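Contents: one structure, followed by commentary.
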Amino acid sequence: MEILSRLPFDLQEHILVKVMKRYKLRDGEYVRQIDKSKYKFLDHIMRSSINKDSYKYFHCVFNDDENKEIFHYRFSLKNLYDNPLRKESYVDDDIVEVNIERRNNIYYYEVSIYRLKLKNIDENNFTYEKMRKDIYHKGALADNYFWDFLEFSYEVK
Numbered sequence: 000m001e002i003l004s005r006l007p008f009d010l011q012e013h014i015l016v017k018v019m020k021r022y023k024l025r026d027g028e029y030v031r032q033i034d035k036s037k038y039k040f041l042d043h044i045m046r047s048s049i050n051k052d053s054y055k056y057f058h059c060v061f062n063d064d065e066n067k068e069i070f071h072y073r074f075s076l077k078n079l080y081d082n083p084l085r086k087e088s089y090v091d092d093d094i095v096e097v098n099i100e101r102r103n104n105i106y107y108y109e110v111s112i113y114r115l116k117l118k119n120i121d122e123n124n125f126t127y128e129k130m131r132k133d134i135y136h137k138g139a140l141a142d143n144y145f146w147d148f149l150e151f152s153y154e155v156k
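Sequential numbering of the sequence shown, starting at 0, is according to numbering that gives the first Met the number 0.
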């Protein structure tokens with residue numbers, strides 16, 4: 000760190016923030032980032048950063064009597080199971096879909112989370128309802144995996 004302090008500020012920033020990726024610049028000070036490879040449990044409790052290529056966005060405006068607007072977001076999540084066959088069979092990553100509709104200044108939210116899970120006969124984790132809504136492609140994984148889902152909706156006035 001002492002050697003770096005002799006370099007111009009823009010080079011220090013480039014090396015520490017962009018190349019080493021061990022620091023972030025906050026209010027003109029370098030803040031050391033946590034080495035998450037040492038603490039695997041942090042993956043489960045920290046909000047993961049969203050890669051700009053990992054989501055799709057759709058927006059539509061209707062100028063009718065209801066003055067309606069629709070937003071649709073689809074995010075890819077870190078997979079619960081990274082099976083090599085998943086990429087070979089072109090099976091989607093785990094997904095979060097968010098639909099937002101604005102009608103008469105009321106927002107209606109629908110959130111759906113889809114995760115590819117391993118079937119467990121002992122726990123009976125794949126119920127008839129889940130199998131009926133098993134809508135996404137599973138390719139070669141269809142015999143041992145199913146799409147588990149969680150759906151909820153609410154409105155904000």
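The beta carbon of each residue, even a glycine, is placed where N, CA and C say it ideally should be. For clarity, every value in this text was computed on a predicted model and none was experimentally measured.
State buried or exposed for R21, treating a residue as buried only when at least 16 other CB atoms are found within 10 Å of its CB.
As a position in the sequence shown, residue 21 is number 22, starting the count at 1. It counts as exposed.
I need the boundaries of the alpha helix (DSSP H) containing E12, first residue and last residue.
Mapped onto the sequence shown, residue 12 falls at position 13. Start and end: 8-12.
Check whether the stretch 84-99 and the stretch 111-119 are in contact - that is, three or more C-beta pairs closer than 8 Å.
yes
To the nearest angstrom, how far is it from the Cα of L84 to the Cα of K77?
Taking the first residue of the sequence shown as 1, we reach residue 84 at position 85. Taking the first residue of the sequence shown as 1, we reach residue 77 at position 78. So the alpha carbons of these two residues sit roughly 16 Å apart.
Closer than 8 Å by C-beta to E154: which residues in its own chain qualify, once you throw out the five before and the five after it? Chain order, please.
Here residue 154 refers to the residue found at position 155 when the sequence shown is read from its first residue. Cβ within range, chain order: I105, Y106, Y107, Y108.
Taking the straight line between their C-alpha atoms, what separation do you get for H13 and I2?
Your numbering for residue 13 matches position 14 in the sequence shown. Your numbering for residue 2 matches position 3 in the sequence shown. If I take the Cα positions, the gap works out to 14 Å.
Which class does V18 belong to by DSSP, given the choice of helix, strand or coil?
What you label residue 18 is simply residue 19 of the sequence shown in a count that begins at 1. If DSSP states are grouped into helix, strand and coil, V18 belongs with the helices.
What separation, rounded to the nearest whole angstrom, lies between the Cα atoms of K39 and I33?
Looking up residue 39 in the sequence shown gives position 40. Looking up residue 33 in the sequence shown gives position 34. So the alpha carbons of these two residues sit roughly 11 Å apart.
Spell out the partners DSSP gives V155 in its beta bridges.
Here residue 155 refers to the residue found at position 156 when the sequence shown is read from its first residue. Bridge partners of V155: Y106.
Opening and closing residue of the beta strand (DSSP E) in which K86 lies
Here the question's residue 86 lines up with position 87 in the sequence shown. Where K86 is concerned, there is no enclosing beta strand (DSSP E), although the alpha helix (DSSP H) it sits in stretches over 83-87.
Can you tell me whether K151 is buried or exposed, with buried defined as 16 or more other CB within 10 angstroms of its CB?
One-based indexing of the sequence shown puts residue 151 at position 152. With the sequence shown as reference, residue 151 is identified as Phe, and Lys is not the correct amino acid for it. That one is exposed.
Contacting residues, own chain, Cβ-Cβ under 6 Å from C59 (five flanking each side not counted)
Residue numbering aside, residue 59 sits at position 60 when the sequence shown is read from its first letter. So the list reads I69, once near-sequence residues are dropped.
Using the C-alpha atoms, what's the distance from S4 back to Y29?
Within the sequence shown, numbered from 1, the residue matching residue 29 stands at position 30. Within the sequence shown, numbered from 1, the residue matching residue 4 stands at position 5. Cα-Cα distance, rounded: 12 Å.
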